[in-house]
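Chains as they are written, first to last, in the numbering used here: chain A, 2 to 207; chain B, 2 to 207. All C-beta atoms, glycine included, are put in the ideal place defined by N, C-alpha and C. Remember, it's a predicted structure, so these values are computed and weren't measured experimentally.
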DNA sequence: GTCTATAGGATGATAGAC
DNA sequence: GTCTATCATCCTATAGAC
């Protein structure tokens with residue numbers, strides 16, 4: 002089936018295992034449909050559980066989204082820190098972080114769940130959480146990676162553009178000309194191996 | 002009241018005038034809440050008309066969103082072309098376009114309506130429209146402004162970062178430290194006059 | 001730990017009057 | 001050109017059994 006993260010739907014798991022599983026599904030589903038557009042039933046189906054159980058475990062759709070956003074942000078920062086720590090003298094720091102960011106596309110919906118949150122700044126609950134998460138990333142670049150403000154800004158900007166191209170599902174549907182292909186290529190350095198195999202397509206609902 | 006675009010709510014207007022008025026409201030509302038999150042009643046209230054009338058004029062919520070997206074994209078390109086044409090030798094092309102982009106923040110929700118659309122790539126109707134609109138902007142940079150691919154990409158990236166900071170409503174609520182203030186400043190060159198007066202705040206619902 | 005059944009509240013769209 | 005009234009659908013959340 003099309004569920005992105007289902008693992009042995011029939012089994013009885015610990016609450017902790019289920020949480021993880023549902024969070025994965027939530028990131029995929031929220032990423033594709035957004036906070037309001039995604040239903041708790043979408044998430045439940047993707048995780049292979051019932052809709053009321055999702056609500057039961059997380060309390061509300063809002064809490065579920067906050068948990069998914071927190072999880073995505075944590076995973077992003079963890080991956081960045083790994084890239085920073087892997088003291089590969091061959092490859093400069095910024096290059097390693099950029100590669101890590103693109104590799105993270107394997108986690109379906111991660112970039113887009115964050116992007117959706119970043120667009121909801123006027124939401125009374127999600128807004129503040131989104132601002133906190135975004136600030137965490139900024140501080141990583143400044144304090145941990147050692148970028149100056151300009152470098153950090155440029156880096157973040159490229160990241161937001163990547164998120165946009167991913168959200169647009171730009172890969173296989175580029176209207177009536179080739180300029181979009183050029184655009185897409187110029188965003189993903191050709192040195193990166195299999196980008197095209199991990200980028201979500203327009204016919205992929207999640 | 003809080004309606005962003007209400008003009009003489011009681012008057013009887015031509016269909017064309019009403020369309021314009023409702024489109025303005027739709028851009029503001031969709032920008033703040035997203036395609037799914039915004040209701041046709043939100044738009045109606047912001048425009049000072051009844052909810053069924055909004056649906057009547059545009060056929061459906063989906064068509065209304067497509068119209069709003071098209072309108073926003075048109076206005077963006079028109080503004081860019083104006084900036085390009087104003088042959089001000091003092092200021093280089095890219096600087097003029099950047100300034101025009103920031104000035105467009107006066108049109109509430111314009112940047113964010115586009116950003117929301119760009120996140121809905123897997124939507125069967127909105128996805129293709131969003132890809133077309135984005136490609137139009139890319140082609141403007143390449144074919145009309147004369148940027149090379151690298152320059153166009155960098156420019157687009159900075160734009161997406163600006164959209165993000167606007168969507169986050171980052172201006173007046175920056176959590177627990179000053180790093181966010183720094184981040185915000187580094188995105189908006191201080192040469193720009195009154196950015197802070199036209200940027201939407203976190204307590205502004207639209 | 002997990003499900004079925006369902007209440008209750010929006011919300012998009014239609015019918016029809018003025 | 002514009003409104004009021006209303007239907008039908010969808011969706012979150014709760015109740016309660018196993």
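**Request:** Can you tell me which of the three DSSP states residue 139 of chain B falls into?
**Result:** By one-based count along the second chain, residue 139 of chain B stands at place 138. Three-state DSSP puts residue 139 of chain B in a helix.
**Request:** Report the residue from A:66, A:189 and A:144 whose alpha carbon sits nearest the alpha carbon of residue 126 of chain A.
**Result:** Taking the first residue of the first chain as 1, we reach residue 126 of chain A at position 125. Ranking A:66, A:189 and A:144 by Cα distance to residue 126 of chain A puts A:66 first.
**Prompt:** Going straight from the alpha carbon of residue 3 of chain B to that of residue 49 of chain B, what length do you get?
**Reply:** Here residue 3 of chain B corresponds to residue number 2 of the second chain, with the count starting at 1. Here residue 49 of chain B corresponds to residue number 48 of the second chain, with the count starting at 1. Below a pLDDT of 50, predicted positions are generally treated as unreliable, and residue 3 of chain B, at 44, falls in that range; the measurement from the model is reported next regardless. Annotation: residue 3 of chain B to residue 49 of chain B spans about 11 Å, alpha carbon to alpha carbon.
**Prompt:** Going along chain B, which residues have a C-beta under 7 Å from residue 113 of chain A?
**Reply:** Translated into the one-based positions of the first chain, residue 113 of chain A becomes position 112. The contacting residues are 120.
**Asked** Can you list the residues of chain B that residue 206 of chain A reaches, using a CB-CB cut of under 8 Å?
**Response** Along the first chain, one-based indexing puts residue 206 of chain A at 205. Residues of chain B passing the Cβ test: 123.
**Message:** Helix, strand or coil, according to DSSP, for residue 76 of chain A in the structure here?
**Reply:** On the first chain, residue 76 of chain A is found 75 positions in, with the first residue counted as 1. Residue 76 of chain A falls in the helix class under three-state DSSP.
**Asked** Beta carbon of residue 100 of chain B, beta carbon of residue 92 of chain B: below 9 Å?
**Response** As a working note, residue 100 of chain B is residue 99 in the second chain. As a working note, residue 92 of chain B is residue 91 in the second chain. Closer than 9 Å, so yes.
**Asked** Using a Cβ-Cβ distance under 9 Å, would residue 102 of chain A count as near chain B?
**Response** Counting from one through the first chain, the residue named residue 102 of chain A turns up at place 101. No, because no Cβ of chain B sits closer than 9 Å to the Cβ of residue 102 of chain A.
**Request:** Could you tell me how far apart the beta carbons of residue 116 of chain B and residue 38 of chain B are, in whole angstroms, since I believe they sit closer than 8 Å?
**Result:** By one-based count along the second chain, residue 116 of chain B stands at place 115. By one-based count along the second chain, residue 38 of chain B stands at place 37. With 8 Å as the limit, residue 116 of chain B and residue 38 of chain B do not qualify as a contact, their Cβ atoms being about 13 Å apart.
**Asked** residue 198 of chain B versus chain A: which residues are under 8 Å apart at the beta carbon?
**Response** On the second chain, residue 198 of chain B is found 197 positions in, with the first residue counted as 1. The contacting residues do not exist; residue 198 of chain B stays about 18 Å from chain A at best.
**Asked** Does any CB atom of chain B fall closer than 9 Å to the CB of residue 201 of chain A?
**Response** Position 200 of the first chain, counted from the start, is the residue given in the question as residue 201 of chain A. At least one chain B Cβ lies under 9 Å of residue 201 of chain A.
**Asked** Start and end of the alpha helix (DSSP H) containing residue 255 of chain B?
**Response** Since the first residue of chain B shown is 2 and the last is 207, residue 255 of chain B is not available in this structure.
**Asked** Does DSSP classify residue 95 of chain A as helix, strand or coil?
**Response** Your numbering for residue 95 of chain A matches position 94 in the first chain. Three-state DSSP puts residue 95 of chain A in a helix.
**Asked** Roughly how many angstroms lie between the CA atoms of residue 134 of chain A and residue 61 of chain B, to the nearest whole one?
**Response** On the first chain, residue 134 of chain A is found 133 positions in, with the first residue counted as 1. On the second chain, residue 61 of chain B is found 60 positions in, with the first residue counted as 1. Roughly 36 Å separates the two Cα atoms.
**Prompt:** Would residue 165 of chain B count as contacting chain A if we go by Cβ distances under 9 Å?
**Reply:** The sequence position of residue 165 of chain B within the second chain is 164, counting from 1. Yes, residue 165 of chain B lies at the interface with chain A (some Cβ there is under 9 Å from its Cβ).
**Request:** Could you tell me which of B:63, B:201, B:184 and B:26 sits nearest to residue 149 of chain A, measuring between CA atoms?
**Result:** In the first chain, residue 149 of chain A corresponds to position 148, counting from 1. Closest option to residue 149 of chain A, Cα to Cα, is B:184.
**Message:** If you measure between the beta carbons of residue 26 of chain A and residue 44 of chain A, is that distance less than 9 Å?
**Reply:** Taking the first chain and counting its residues from 1, the one referred to as residue 26 of chain A is at position 25. Taking the first chain and counting its residues from 1, the one referred to as residue 44 of chain A is at position 43. Closer than 9 Å, so yes.
**Asked** When the Cα atoms are used, what is the spatial distance from residue 103 of chain B to residue 161 of chain B?
**Response** Walking along the second chain from the start, residue 103 of chain B turns up at place 102. Walking along the second chain from the start, residue 161 of chain B turns up at place 160. If you take the alpha carbons of residue 103 of chain B and residue 161 of chain B, they lie about 12 Å apart.
**Asked** With a Cβ-Cβ cutoff of 9 Å, do residue 105 of chain B and residue 76 of chain B count as a contact?
**Response** Working through the second chain from its first residue, we reach residue 105 of chain B at position 104. Working through the second chain from its first residue, we reach residue 76 of chain B at position 75. Their beta carbons are under 9 Å apart, which means residue 105 of chain B touches residue 76 of chain B by this criterion.
**Asked** By DSSP, does residue 204 of chain B sit in helix, in strand, or in coil?
**Response** The residue you call residue 204 of chain B lines up with position 203 of the second chain. Coil, per DSSP.
**Message:** Whole angstroms are fine: how far does the CA of residue 22 of chain A sit from the CA of residue 7 of chain B?
**Reply:** In the second chain, counting from the first residue as 1, residue 7 of chain B sits at position 6. In the first chain, counting from the first residue as 1, residue 22 of chain A sits at position 21. Low confidence applies here, because residue 7 of chain B scores a pLDDT of 47, under 50, leaving its location unreliable and the question unanswered by this model.
**Prompt:** Which bits of chain A does residue 151 of chain B rub up against, with CB to CB less than 7 Å?
**Reply:** Numbered from 1 along the second chain, position 150 holds the residue referred to as residue 151 of chain B. Within 7 Å Cβ-Cβ: 187.
**Request:** Quick one: measure Cβ to Cβ for residue 145 of chain B and residue 85 of chain B, integer angstroms, because I've assumed they're closer than 8 Å.
**Result:** Working through the second chain from its first residue, we reach residue 145 of chain B at position 144. Working through the second chain from its first residue, we reach residue 85 of chain B at position 84. Right, the Cβ-Cβ distance comes to about 7 Å (below 8 Å), so this counts as a contact.
**Asked** If we cut at 9 Å on Cβ distances, does residue 183 of chain B have a partner in chain A?
**Response** Stepping through the second chain from its first residue, residue 183 of chain B is reached at position 182. Yes, residue 183 of chain B lies at the interface with chain A (some Cβ there is under 9 Å from its Cβ).
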